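Protein chains in written order, with the working numbering: chain A, 774 to 943; chain B, 1010 to 1145.
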């Protein structure tokens, strides 16, 4: 995958946008737009979305510190990326909203996997169970956010990229 | 044809989401935190930034840890209310704010890291809580 200067700048900007929106909406309990943006980035930019995900993870570490939670970021968003790639031919906004909701529901479970290594199955299970109420809110929030913003964001991304990466979005 | 496939995929994903919600709700009901009423005897140990320990033997009717703090004579716990409840940043006047001090207060329950905030951590008779100043 050969990167051009435009690719690098675009991915850096989109990663920065992820970070800014994540921090800006941090006060809303379990409501986030990162999942939807990663879905949209992956659908439009395909494999280049991975660069954005890892730049974003690094920036998150710089802002919040590289604690144990940070290791989650090295795989949780990549799992979402993989799921989107798997269903990339689907064009239904409802489907992507449901997938985003499913991801929100499973987010705590995915994050708890890191505790399997640090504390064993008991620690992982306890960590997951303690977060279930938040995962339920996360799932509902993701579904609602995607229902409202999926189509406008897809239009915006495609329109914006037509000006910069015309040859890659067809 | 394509629209039909998209719709079918959305319906399957929706069914999966509903099933997951039901399973998660059931797991939480069975294995989630359970508070209990009645009087309990617990121990709260505070370990400061120099490793000094202060032990509080507490008799309390509290059901969650933040309520038990009020029954620990001489113990002062402060913080900010957030989405997960009280986020403790100062214990006995010693601040451990991650962004300002590069440290935080760890909470252990019977030797294991607590999975809950102080507002939801259940208190059971005989529990041993440790609040430890932890450099990041």
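Every residue, glycine too, gets a C-beta built ideally from N, C-alpha and C. All figures in this text were calculated on a predicted structure; none of them were measured in a lab.
For the segment 1010–1033 of chain B, the beta-carbon criterion of a distance under 7 angstroms to any beta-carbon of chain A is satisfied by 1015, 1016, 1018, 1019, 1022, 1023, 1025, 1026, 1029, 1030 and 1033. Its chain contains 1103 and 1142 as the residues whose beta carbon lies nearer than 7 angstroms to that of residue 1057 of chain B, once the 5 sequence neighbours on both sides are disregarded; these appear in chain order. Taking a Cβ-Cβ threshold of 7 angstroms, the residues of chain A close to residue 1036 of chain B are 902 and 905, in chain order. Within chain A, the residues placing a beta-carbon under 9 angstroms from that of residue 1041 of chain B are 902, 903, 905 and 906, ordered along the chain. Residue 875 of chain A has its alpha-carbon roughly 8 angstroms from the corresponding atom of residue 1025 of chain B.
Closest in C-alpha terms to residue 818 of chain A, from the list A/888, A/779, A/806 and A/907, comes A/779. Counting along the chain, residue 880 of chain A sits inside the alpha helix (DSSP H) bounded by residues 866–903. In the three-state reduction of the DSSP assignment, residue 821 of chain A falls in the helix class. For the pair residue 1107 of chain B and residue 838 of chain A, the CB atoms are nearer than the 8 angstroms cut-off.
Counting only unbroken stretches of 4 or more residues, no alpha helix (DSSP H) element lies wholly within the segment 1048–1074 of chain B. The beta carbon of residue 834 of chain A sits no closer than 8 angstroms to any beta carbon of chain B.
Between residue 1058 of chain B and chain A, the shortest Cβ-Cβ separation is not below 8 angstroms.
Residue range 778–797 is occupied by the alpha helix (DSSP H) that includes residue 782 of chain A, with no beta strand (DSSP E) assigned at that position. By the Cβ neighbour-count rule, residue 871 of chain A is buried, with 16 or more other Cβ atoms within 10 Å of its own. Under the three-state reduction of DSSP, residue 1106 of chain B is assigned to coil, being neither helix nor strand. The segment 788–808 of chain A and the segment 856–871 of chain A do not touch, with fewer than 3 CB-CB distances between them shorter than 8 angstroms.
Burial check for residue 815 of chain A: the Cβ neighbour count within 10 Å reaches 16 or more, so the residue is buried.
At least 8 angstroms separates the CB of residue 831 of chain A from every CB of chain B. Each residue's CA atom was taken as its position, placing residue 1034 of chain B and residue 899 of chain A some 15 angstroms apart. A direct Cα-to-Cα measurement between residue 1061 of chain B and residue 1041 of chain B gives close to 34 angstroms. Taking a Cβ-Cβ cut-off of 8 angstroms, the neighbours of residue 872 of chain A in chain B comprise 1022, given in sequence order. For residue 822 of chain A, the number of other beta carbons within 10 angstroms of its own is at least 16, and it is reported as buried. For the pair of segments examined, the segment 829–849 of chain A was found not to touch the segment 1010–1021 of chain B: the number of CB pairs separated by less than 8 angstroms stays below three. Think of a sphere of 7 angstroms around the beta carbon of residue 867 of chain A: the chain B residues whose beta carbon falls inside it are 1019, in chain order.
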